[in-house]
Amino acid sequence: MDQRHILVTGGAGYIGSHMTLALLEAGERPLVIDNLSTGSRAVVPAGVPLFEGNVGDAEFVGRIMDAHPIEAIIHFAASIVVPESVTKPLAYYGNNTANARTLLDCAIKRGVPHMVFSSTAAVYGEPERTPVEEDDPTKPINPYGRSKLMVEWMLADVAQAHPFSYAALRYFNVAGADPQGRTGQSTPNATHLIKVAVEAALGKRPGLDIYGTDYPTTDGSCIRDYVHVSDLAQAHLDALRYLRDGKPSITCNIGYANGYSVLEVIEVVKRVSGVDFEVRIKGRRAGDPAALIASNQRALSALNWTPHHDDLEQIVRDALAWERRLG
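Its first residue numbered 119, the sequence shown is counted upward by one per residue in our numbering.
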């Protein structure tokens with residue numbers, strides 16, 4: 119096996135910590151860069167080097183790459199809160215787009231051949247049809263989605279100009295936690311529905327607000343495609359193997375190709391937790407599509423991705439178990 123390292127940016131965060139575990143289990147040699155702004159040192163597995171700093175600091179990143187030969191980068195480090203991106207657009211273009219450019223520049227100068235990039239379904243904006251396919255129009259409607267789409271464009275241009283290949287994985291709604299309880303979502307002030315709902319079930323917040331029950335869906339609430347974080351980590355591992363095989367750069371949706379409404383998710387959280395917490399109906403939020411469901415055929419066929427946790431109740435059980443561990 120190649121004795122070079124896999125650099126995981128944002129590896130002390132929610133998805134990054136699951137990724138680092140998956141890499142270790144696959145016999146890889148992960149290194150983590152994280153500025154710990156939302157991540158936690160506690161979820162980086164023992165024995166994995168953690169370098170505290172910013173991926174936008176070229177000198178810092180360059181020193182790490184010079185000291186540790188890197189075979190591939192899995193790039194998670196980013197700001198991800200959509201409403202915040204609207205009020206702080208320059209912060210998002212800085213942290214997500216400009217920092218990715220710096221990271222790529224460091225990588226290309228040192229001959230790093232591959233990157234797996236954490237993109238998002240937000241690049242589609244309000245899709246004209248669902249399930250959404252990768253070649254459907256990308257029309258992001260907020261700075262978060264635009265900041266990620268710009269990185270996809272950058273990756274495509276770099277792959278044309280250099281001996282470099284990438285996989286851009288457009289996640290749908292990530293949820294759940296490691297089934298063995300080793301890591302989960304510790305992000306303060308999280309906005310993910312399942313995380314917020316289990317916090318409400320455990321009395322960590324006074325109930326739950328839902329935004330809009332007048333959408334053209336079966337029960338009037340928004341429908342989303344929820345993907346277990348462990349399956350998402352596996353998709354990155356599959357993408358890494360795909361790139362190692364010398365295959366061309368690829369963009370893939372990562373979701374289960376089925377959706378649940380907000381009200382259905384809340385019902386499952388109430389049933390699994392046994393708690394009937396308060397739910398408050400609020401008005402619609404700007405820019406929330408009625409339904410957002412992935413077509414995942416490309417990931418299944420090209421990456422040979424095989425999901426193992428496609429069960430909303432299991433996602434909720436794992437999220438609840440982790441939330442209880444947090445205390």
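We put the CB at the ideal spot given by N, CA and C, even for glycine.
8 Å contact criterion, which residue i and residue j should meet: CB distance rounded
i	j	result
residue 372	residue 350	6 Å
residue 269	residue 353	Going by Cβ atoms, the distance from residue 269 to residue 353 rounds to 18 Å, so no, they are not a contact pair.
residue 131	residue 152	7 Å
residue 357	residue 438	Between residue 438 and residue 357 the Cβ distance is about 29 Å, and since that is not below 8 Å, they are no contact.
residue 241	residue 267	4 Å
residue 290	residue 247	That belief does not hold up - the Cβ atoms of residue 290 and residue 247 are roughly 15 Å apart, past 8 Å.
Residue i, DSSP secondary structure in three states
i	result
residue 340	coil
residue 320	coil
residue 256	coil
residue 203	helix
residue 275	helix
residue 421	coil
residue 123	strand
residue 193	strand
residue 169	strand
residue 365	coil
residue 188	strand
residue 198	coil
residue 209	helix
Outcome for residue i when other beta-carbon atoms lying within 10 angstroms are tallied against a minimum of 16
i	result
residue 264	buried
residue 375	buried
residue 425	buried
residue 298	exposed
residue 138	buried
residue 205	exposed
residue 423	buried
residue 339	buried
residue 119	Residue confidence for residue 119 is low, a pLDDT of 45 falling below 50, so the modelled location carries little weight and cannot support an answer.
residue 324	exposed
residue 400	exposed
residue 440	buried
residue 208	exposed
residue 311	buried
residue 278	exposed
First through last residue of the beta strand (DSSP E) which encompasses residue i
i	result
residue 158	Unbroken run through residue 158: none, as it is neither H nor E.
residue 354	Here residue 354 belongs to no beta strand (DSSP E); instead the alpha helix (DSSP H) covers 347-362.
residue 408	No beta strand (DSSP E) contains residue 408, which DSSP labels as neither H nor E.
residue 288	283-289
residue 369	368-372
The alpha helix (DSSP H) enclosing residue i, as first and last residue numbers
i	result
residue 328	Note, residue 328: premise wrong, no alpha helix (DSSP H); beta strand (DSSP E) at 326-329.
residue 397	Looking at the DSSP string, residue 397 is not in any alpha helix (DSSP H); the run it does join, the beta strand (DSSP E), is 397-400.
residue 136	132-143
residue 391	380-391
Every unbroken beta strand (DSSP E) within the segment 213-246, with a cutoff of 3 residues, ordered by chain: Counting whole runs of 3 or more residues, the segment 213-246 contains the beta strand (DSSP E) stretches 232-238.
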